[in-house]
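Written below as structure tokens is the structure these notes are about.
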Amino acid sequence: MAAVPGLPELDRRVSGCRACPRLVAWREEVARVKRAAFRDQDYWGRPVPGFGGGDARLAVVGLAPAAHGGNRTGRMFTGDASGEVLYAAMHAVGLANQPEAVSRDDGLRLLGARITAPVKCAPPDNKPTPAERDTCRPWLERELTLLRPTLRAVVVLGGFGWQSLLPALTAHWTVPRPRPRFTHGARVELPASDGGPPLVLHGCYHVSRRNTQTGLLTVAMVEEVLSRAKADAGLGAEPGAGPPG
40 MAAVPGLPEL DRRVSGCRAC PRLVAWREEV ARVKRAAFRD QDYWGRPVPG FGGGDARLAV
100 VGLAPAAHGG NRTGRMFTGD ASGEVLYAAM HAVGLANQPE AVSRDDGLRL LGARITAPVK
160 CAPPDNKPTP AERDTCRPWL ERELTLLRPT LRAVVVLGGF GWQSLLPALT AHWTVPRPRP
220 RFTHGARVEL PASDGGPPLV LHGCYHVSRR NTQTGLLTVA MVEEVLSRAK ADAGLGAEPG
280 AGPPG
């Protein structure tokens, strides 16, 4: 994995991974059977790589692609209800050029940000196993290493993402013991272990339909977390602004 020279090559290799038999079988079955509303579409049906530039100062870390979202469209949080919330909030705070994400060719661009997940394949019932999470971790670790020169803050969506991300951070940052607990609105600064700058973690409830329909999470709550993380990342205060200086 250390030999992967850059994010484009990493993303290419991610999309061809077949390491977890259960996930391979499920993602391909979903792509073959399809949902009725999408029966005329060709599903991606493969692992979904991260989305965003290699010079991102802010990362958003989710859980895994949705069966009929990312697994259908081939892009994180694209074509599903979770993405409607996330991208609306990212656009509102100046981290995306538009509030909607429907397909890989819809013109969406992230501004100073990248979106990824600790598990790259859609899992049954949105529940990857611990073994699947651990098998997928080297992809995330390499992604973080490639982002290291610019990455300054991370927004983690949900407790699964939080617990999955912490071990992947240890190559460059020091994670305290006991490990920081996930809560919505959590903010934890991790000192560097490699001589570089620190990283600031922000916790946010996952933008799942369940959380938004029950009122546990609103777009305004997501915007608030993203705004704080954007400031910690050193991105401009105005929508669309880049890093200062």
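Counting in this note's numbering, the sequence shown runs from 40 upward without gaps. Ideal Cβ positions, reconstructed from N, Cα and C, are used throughout, including at glycine.
**Report entry** C-beta contact flag for Ala207 and Ala161 at 8 Å
**Finding:** Taking 8 Å as the cut-off, the Cβ atoms of Ala207 and Ala161 do not count as close.
**Report entry** Bridge-paired residues (DSSP) for Trp212
**Finding:** BP columns for Trp212 point to Ala231.
Report task. Measure the Cβ-Cβ separation of Val246 and Leu229 and say whether it is below 8 Å. Result -> Not in contact: Val246 and Leu229 (Cβ atoms no closer than 8 Å).
Report task. Give the range of the beta strand (DSSP E) segment to which Arg12 is assigned. Result -> The question about residue 12 has no answer, for the chain in this structure spans 40 to 284.
Query raised in the report: Any chance the CB of Gln137 is under 7 Å from a heavy atom of the ligand FMN?
Result: Among the ligands in the structure shown, none appear at all, so the ligand FMN cannot be discussed.
Report task. Would you list the one or two residues that DSSP bridges to Val194? Result -> Val99 and His241
Query - Neighbourhood of Leu46 by C-beta distance below 6 Å, restricted to the same chain and skipping five residues each side - result: Gly93 and Leu185
Report task. Round the Cβ separation of Val195 and Gly122 to the nearest angstrom and send it over; I've been treating them as touching at under 8 Å. Result -> In fact, because the Cβ distance is near 17 Å, the residues do not count as touching under 8 Å.
Query - Touching by the beta-carbon criterion (3+ pairs, under 8 Å), the region 64-81 and the region 125-136 - result: no
Query raised in the report: So what's Phe199 in DSSP terms, helix, strand or just coil?
Result: helix
**Report entry** Pro283 - DSSP class collapsed to helix/strand/coil
**Finding:** Per-residue confidence for Pro283 stands at a pLDDT of 33, beneath the threshold of 50, marking its modelled position as unreliable; no derived number is given.
Requested in this report: Confirm, please, whether the CB-CB distance from Thr174 to Ala42 is below 8 Å.
Outcome: no
Query raised in the report: I think Arg153 touches Gly113, with their Cβ atoms under 8 Å apart; what is that distance to the nearest whole Å?
Result: Contact flag wrong, Cβ pair sits at about 16 Å.
Query raised in the report: Using a Cβ-Cβ cut-off of 7 Å (strictly less than) and excluding sequence neighbours within five positions of Arg285, which residues of its own chain qualify?
Result: Coverage of the chain is limited to positions 40 through 284, which leaves residue 285 absent and any answer about it impossible.
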